[in-house]
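Structure, as structure tokens:
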Amino acid sequence: MGEKHLGRHLVLDLFTILEFMASGKDNFKRETWFFLALLNVVFQVHATDGDLDRNSDILYFLTGQGIEDRPENSKFAINDTSGEIYVLKPLDRDLPHGRSQWRFTVYATDEGGKGLVGYADVLVNLKDINDNAPFFPQAIYTGNVTENGTAGEDFF
Numbered sequence: 001m002g003e004k005h006l007g008r009h010l011v012l013d014l015f016t017i018l019e020f021m022a023s024g025k026d027n028f029k030r031e032t033w034f035f036l037a038l039l040n041v042v043f044q045v046h047a048t049d050g051d052l053d054r055n056s057d058i059l060y061f062l063t064g065q066g067i068e069d070r071p072e073n074s075k076f077a078i079n080d081t082s083g084e085i086y087v088l089k090p091l092d093r094d095l096p097h098g099r100s101q102w103r104f105t106v107y108a109t110d111e112g113g114k115g116l117v118g119y120a121d122v123l124v125n126l127k128d129i130n131d132n133a134p135f136f137p138q139a140i141y142t143g144n145v146t147e148n149g150t151a152g153e154d155f156f
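Below, the structure is given as structure tokens:
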């Protein structure tokens with residue numbers, strides 16, 4: 001598990017749980033989060049609130065790419081109380097229909113969803129786990145051609 005800070009971005013490995021800490025209002029420490037995703041990976045966001053009573057009951061929701069009005073059509077979902085974000089469907093990186101990055105926003109609201117709102121952008125870079133470079137089974141290929149041979153003639 002590791003992390004690397006790049007300005008306003010945080011690059012995380014897939015097994016890191018994201019902890020978003022703030023004080024005073026529902027807000028996230030960073031405005032933008034950046035991570036790599038593999039299928040069915042779960043990660044967690046966490047916002048804090050300085051309120052001491054019911055106002056500190058935080059609910060989470062998502063909007064943006066891959067988030068649809070009908071949950072069965074969405075690529076991502078969030079548990080509204082725990083902040084766990086799930087990849088719901090296979091994500092395809094390969095063109096022409098795939099994409100290498102998804103961007104959506106996670107919101108945290110206090111007072112059980114009726115109060116103040118904080119948000120953070122989430123950038124999901126999709127890692128292609130089956131992307132392999134082409135290779136040759138032989139290191140050297142040898143063929144013979146005849147002098148004054150015909151164009152298009154096989155030489156193996």
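So the sequence shown is numbered by UniProt numbering: it starts at 1 and just counts up by one.
Ideal Cβ positions, reconstructed from N, Cα and C, are used throughout, including at glycine.
According to DSSP, what are the bridge partners of residue i?
i           : result
residue 157 : It is not possible to answer for residue 157, since the shown part of the chain is limited to 1 through 156.
L95         : According to DSSP, which records beta bridges pairwise, L95 is partnered with nothing at all.
Taking residue i as the reference, give the member of the options with the closest Cα.
i    : options                   : result
T63  : T105, K114 and P137       : T105
R103 : L123, T109 and Y60        : L123
V87  : D80, F76 and T81          : F76
R99  : G143, A139, T142 and L126 : L126
G50  : A139, L116 and R70        : L116
E111 : I85, H46 and I58          : I58
A47  : T146, D131, G118 and G152 : G118
Kindly indicate which three-state DSSP category residue i falls into: helix, strand or coil?
i    : result
R30  : Its pLDDT being 48, under 50, R30 is placed unreliably in this model, and the value from its coordinates should be taken loosely. R30 falls in the coil class under three-state DSSP.
G112 : helix
T146 : coil
N132 : coil
L79  : The sequence as given places Asn at residue 79; Leu does not occur at that position. Reduced to three states, the DSSP call for N79 is coil.
E84  : strand
L6   : Only weak support exists for where L6 lies, its pLDDT of 36 falling under 50; the coordinates are left without a value.
D154 : coil
Rounded to the nearest angstrom, how far is the Cβ of residue i from that of residue j, given a contact under 8 Å?
i    : j   : result
Q44  : S74 : Contact flag wrong, Cβ pair sits at about 18 Å.
A108 : Y60 : 6 Å
Is the stretch 135–146 touching the stretch 84–99, taking contact as three or more C-beta pairs under 8 Å? Contact between the stretch 135–146 and the stretch 84–99 is absent, because fewer than three Cβ pairs lie under 8 Å.
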